[in-house]
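Enquirer:
Residue numbers (our numbering): 1013 to 1179.
(1) Is it right to say residue 1141 is buried, meaning 16 or more other beta carbons lie within 10 angstroms of its own, or is it exposed?
(2) Going by C-alpha distance, which of 1111, 1117, 1095, 1167 is nearest residue 1035?
(3) Alpha helix (DSSP H) containing residue 1068: first to last residue?
(4) Going by alpha carbons, who is nearest to residue 1128 out of 1153, 1056, 1108?
(5) Looking at the structure shown, is residue 1179 part of a helix, part of a strand, or coil, going by DSSP?
(6) Do the segment 1145-1163 and the segment 1093-1113 meet, that is, are 3 or more Cβ pairs less than 8 Å apart?
(7) If residue 1150 sits next to residue 1123, beta carbons under 8 Å apart, how far is it from one beta carbon to the other, in whole angstroms?
(8) Using C-beta distances below 6 Å, list every residue in its chain close to residue 1044, excluding the 5 sequence neighbours before and after it, in chain order.
(9) For residue 1164, count the other beta carbons within 10 Å of its own beta carbon; 16 or more makes it buried, fewer makes it exposed. Which is it?
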């Protein structure tokens, strides 16, 4: 009975990856104006929090300038983070299905890089947005980090000396 339940639930392990793809696609469907406003708002929250924590007493104009100066980096960090999470969400189900080692890296990497390319292509149809090879590279580096984190986690759990002593 337990094996039947596991067999039935295994396909659901891809659900987080599908949801993450939907989230990424939704962000990419935002117009350039909406996307830029969101990035600026997050950047402003960061500099405002820093201002409060460090008691810098910056004016609104100084905060706005600081937010504008980090907005690009906040945007690119968001790209990396999205694809790191996507890679993790894709890698674990592959691992559950027995894909390990270099094959896990190649398969999860191909899915993430392929999705990044399709996502950039999708942006070419969105008002105020456009495709960027640089963004695909940034997305891919975030995916690589996620895949390597999963590999390290899975390797450490299967090669843990203390777990072998309990058996």
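Glycine residues also receive a C-beta, built at the ideal position from the N, C-alpha and C atoms.
Expert: Quick answer:
(1) Within the chain shown, the letter at position 129 stands for residue 1141. By the C-beta density criterion, residue 1141 is buried, having at least 16 other C-beta atoms within 10 angstroms.
(2) For the purposes of this step, residue 1035 is taken as the residue at position 23 of the chain shown. Answer by Cα proximity: 1095.
(3) As a first step, residue 1068 must be located in the chain shown, where it is residue number 56. Note, residue 1068: premise wrong, no alpha helix (DSSP H); not H, not E.
(4) Counting from one through the chain shown, the residue named residue 1128 turns up at place 116. Nearest of 1153, 1056, 1108 to residue 1128, Cα basis: 1153.
(5) Here the question's residue 1179 lines up with position 167 in the chain shown. In this prediction, residue 1179 scores a pLDDT of 49, lower than 50, which makes its location untrustworthy; no coordinate-derived value is stated.
(6) Inter-segment contact for the segment 1145-1163 and the segment 1093-1113 is present: three or more beta-carbon pairs are separated by less than 8 Å.
(7) Numbered from its first residue, the chain shown carries residue 1150 at position 138. Numbered from its first residue, the chain shown carries residue 1123 at position 111. Going by Cβ atoms, the distance from residue 1150 to residue 1123 rounds to 17 Å, so no, they are not a contact pair.
(8) As a working mapping, residue 1044 is identified with position 32 in the chain shown. Apart from the 5 residues on each side of it in sequence, residue 1044 sits with its Cβ closer than 6 Å to the Cβ of 1140, 1141 in its chain, given in chain order.
(9) Position 152 of the chain shown, counting from 1, holds the residue named residue 1164. A residue is called buried once 16 or more other Cβ atoms fall within 10 Å of its Cβ, and residue 1164, having fewer, is exposed.
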